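First to last, the protein sequences are chains A and B. First residue of the first sequence: 651, per my numbering; consecutive thereafter. First residue of the second sequence: 44, per my numbering; consecutive thereafter. All residues carry an ideal CB built from backbone N, CA and C; glycine is no exception. Just so it is clear, the structure is predicted and the values come from calculations on it, not from any experiment. Heads up, the thing below is written out as structure tokens.
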Amino acid sequence: CTEKYAEIYYNRPDVQKALHANTTGIPYKWTACSEVLNRNWNDTDVSVLPIYRQLMANRIRVWVFSGDVDSVVPVTATRYALAQLKVATKIPWYPWYVKNQVGGWTEVYEGLTFATVRGAGHEVPLFKPRAALQLFKSFLSGSPLPKS
Amino acid sequence: KGGEEEDRILELPGQPKVSFQQFSGYVTVNKVAGRALFYWLTESSQNSLRKPLVIWLNGGPGCSSVAYGASEEIGPFRVNRSASGLYINKFSWNSLANLLFLETPAGVGFSYTNRSSDLHDTGDRRTAKDSLEFVVQWLERFPRYKNRELYITGESYAGHYVPQLAREIITYNTNTKYPINLKGIMVGNAVTDNYYDNLGTVTYWWSHAMISDQTYRQLISTCDFHRQKESDECESLYSYAMDQEFGNIDQYNIYAPPCN
């Protein structure tokens, strides 16, 4: 329910002043999501996999993770999609660990790393903050997730 | 005028004492239309000058990275239940990086446009172009970040925004003497491919016993997952699954108690 607290907090005039926000008097309230934008979204790429290929060709590090109890953009969707890239495996599927527990599973491909986060929902860092921080740490360092 | 000092946050109402610096404000990305994007930078709590810059984007489309990324997920603060103040998130990613939360496109959160029609005809392309303009202008305001390693991260529909912005930066870099030091992208539960996302989603519903065998078979046989907009028959199957079979669950975390 935390977005409800956010909607109250960020609509407070003193908070907006401190953030230098809403300086022009926007004619609607701050909301976590804009239904107007969502309903009127006019162009969308059918697939971003071609962009992944382009980024990988430019040696941009690409990591994709998935909280495995999300049913909105679930882990199966991501796995089906990534399989279309047909990239070679560098490090085969293994469980990765955070604080002596399996944080999830991962596979390292040429130019791309995929990792699941066990028990995390759509907002991975909300549900599994410690595991998400480990994921971020490994991503920044460019090293595989810990095997133990 | 217009420099970073004007954007410095002295303290947020109800904020606990912290050792890191914060900045927030607007960057105009289209003067003609009057489109301006809002950002919130929470610098690293440890040795920020040596830490990379990480942009976080939320999806929707239409959702705010201040609402989700900053306030629920990776930011240093969470909003308390009474919305009277903030408390520390001890797993904030700003222990490792300088976090830049960007509300994009115009119309999301505090980001705005003076041309109201912008709210009715936006999409991936404009989001990517405006976000690139934001990054370029923002680096002018914060020149100490110009050569810093940059990573772009996000979740959900930002599965589109993140790689699309990265591609814009690569293109930009080919035409400038001062390239942006983009090193990587990371996306979570990311919208990736229309066909495989849809196929994988109904498969997940079935494999996690959220829908019946019959509904699963009908979805697979009726829906054309390649299409952007599904047929009425397919839509009614989705509605049946959600209204009659899912029950009162949090679809974003099927094992968590829903927020009623």
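{"Query": "In whole angstroms, what is the alpha-carbon distance linking A:T726 and B:N291?", "Result": "22 angstroms"}
{"Query": "Opposite B:W83 in the DSSP bridges: which residues?", "Result": "B:S67 and B:F144"}
{"Query": "Per the DSSP calculation, B:T235 is bridged to which residue(s)?", "Result": "Beta-bridge pairing links B:T235 to no other residue."}
{"Query": "Have a look at B:Y194 and A:S788 and give me their C-alpha separation to the nearest angstrom.", "Result": "13 angstroms"}
{"Query": "I'd like to know if A:P796 contacts chain B, where contact means its C-beta is closer than 8 angstroms to some C-beta of that chain.", "Result": "no"}
{"Query": "Quick check on B:I263 - is its C-beta less than 8 angstroms from some C-beta in chain A?", "Result": "no"}
{"Query": "So, is the C-beta of A:P745 closer than 8 angstroms to a C-beta in chain B?", "Result": "no"}
{"Query": "CB-CB under 6 angstroms to A:Y660, same chain, minus the five flanking residues each way: which ones, in chain order?", "Result": "W680"}
{"Query": "If you measure between the beta carbons of B:L92 and A:L790, is that distance less than 8 angstroms?", "Result": "no"}
{"Query": "Between B:Q261, B:L208, B:Q257 and B:K272, which has its C-alpha nearest B:Y238's C-alpha?", "Result": "B:K272"}
{"Query": "Quick check on DSSP: helix, strand or coil for A:M706?", "Result": "helix"}
{"Query": "With B:P119 and B:N90 assumed to form a contact (beta carbons below 8 angstroms), what rounded beta-carbon distance in angstroms separates them?", "Result": "With 8 angstroms as the limit, B:P119 and B:N90 do not qualify as a contact, their Cβ atoms being about 15 angstroms apart."}
{"Query": "The beta strand (DSSP E) spanning B:T170 covers which residue range?", "Result": "First-last for B:T170: D167 to R184, but that is the alpha helix (DSSP H), not the beta strand (DSSP E)."}
{"Query": "I want to see whether chain A comes within less than 8 angstroms of B:K44, judged by CB atoms only; does it?", "Result": "With a pLDDT of 48 at B:K44, under the threshold of 50, the modelled position of this residue cannot be trusted; read the value that follows with caution. Chain A, which has no Cβ nearer than 8 angstroms to the Cβ of B:K44, makes this no."}
{"Query": "Looking at chain A, which residues of the stretch 55 to 66 of chain B have a Cβ within less than 7 angstroms of any of its Cβ atoms?", "Result": "L55 and P56"}
{"Query": "Considering only the beta carbon of each residue, do A:N692 and B:T165 sit closer than 8 angstroms?", "Result": "yes"}
{"Query": "Considering only C-alpha positions, which residue in the set B:K94, B:G102 and B:D167 is nearest to A:V696?", "Result": "B:D167"}
{"Query": "Take B:S88 as the anchor and find which of B:Q65, B:A76 and B:Y69 has the nearest alpha-carbon.", "Result": "B:Q65"}
{"Query": "Who are A:I741's beta bridge partners in DSSP?", "Result": "A:V758"}
{"Query": "Check whether the stretch 197 to 215 of chain B and the stretch 224 to 234 of chain B touch, using three or more Cβ-Cβ pairs below 8 angstroms as the test.", "Result": "yes"}
{"Query": "When the cut-off is 8 angstroms and only beta carbons count, does A:A668 lie next to chain B?", "Result": "yes"}
{"Query": "Could you please give me the residues that DSSP links to A:F764 through a beta bridge?", "Result": "A:V714 and A:E757"}
{"Query": "Report the residue from B:I223, B:S160 and B:G152 whose alpha carbon sits nearest the alpha carbon of B:E176.", "Result": "B:I223"}
{"Query": "DSSP three-state label for A:K797, please.", "Result": "coil"}
{"Query": "Helix, strand or coil for B:K44, going by three-state DSSP, please let me know.", "Result": "Note that B:K44 has pLDDT 48, beneath the 50 cutoff, so the model's placement of it is unreliable and the number below is only indicative. B:K44 falls in the coil class under three-state DSSP."}
{"Query": "Please confirm whether A:L783 has its beta-carbon closer than 8 angstroms to some beta-carbon of chain B.", "Result": "yes"}
{"Query": "Helix, strand or coil for A:Q751 per DSSP?", "Result": "strand"}
{"Query": "Between which two residues does the alpha helix (DSSP H) harbouring A:E657 extend?", "Result": "T652 to Y659"}
{"Query": "I want to see whether chain A comes within less than 8 angstroms of B:F81, judged by CB atoms only; does it?", "Result": "yes"}
{"Query": "At which residues does the beta strand (DSSP E) containing A:V725 begin and terminate?", "Result": "Careful: A:V725 lies outside any beta strand (DSSP E), inside the alpha helix (DSSP H) at V725 to A733."}
{"Query": "Take B:W83 as the anchor and find which of B:L55, B:G105, B:Q207 and B:G128 has the nearest alpha-carbon.", "Result": "B:L55"}
{"Query": "Counting only Cβ-Cβ distances shorter than 9 angstroms, please list the residues of the stretch 683 to 704 of chain A near chain B, keeping chain order.", "Result": "C683, S684, E685, V686, L687, N688, R689, N690, W691, N692, D693, T694, D695, V696, S697, V698, L699, I701, Y702 and Q704"}
{"Query": "Would you mind stating whether B:F258 and B:L280 have Cβ atoms separated by less than 8 angstroms?", "Result": "For clarity, residue 258 of chain B is Thr in the given sequence; the question names Phe instead. In this structure, B:L280 lies closer than 8 angstroms to B:T258 by Cβ."}
{"Query": "Considering only their Cβ atoms, is the gap separating A:K797 from A:W746 smaller than 8 angstroms?", "Result": "yes"}
{"Query": "Could you give the distance in angstroms between the alpha-carbon of A:D718 and the alpha-carbon of B:E49?", "Result": "42 angstroms"}
{"Query": "Return the residues of the stretch 221 to 250 of chain B that lie within a Cβ-Cβ distance of less than 8 angstroms from chain A, sorted by chain order.", "Result": "L225, K226, G227, I228, M229, V230, G231, N232, A233, V234, T235, D236, N237, Y238, Y239, D240, N241, L242, G243, T244, T246, Y247, W248 and S250"}
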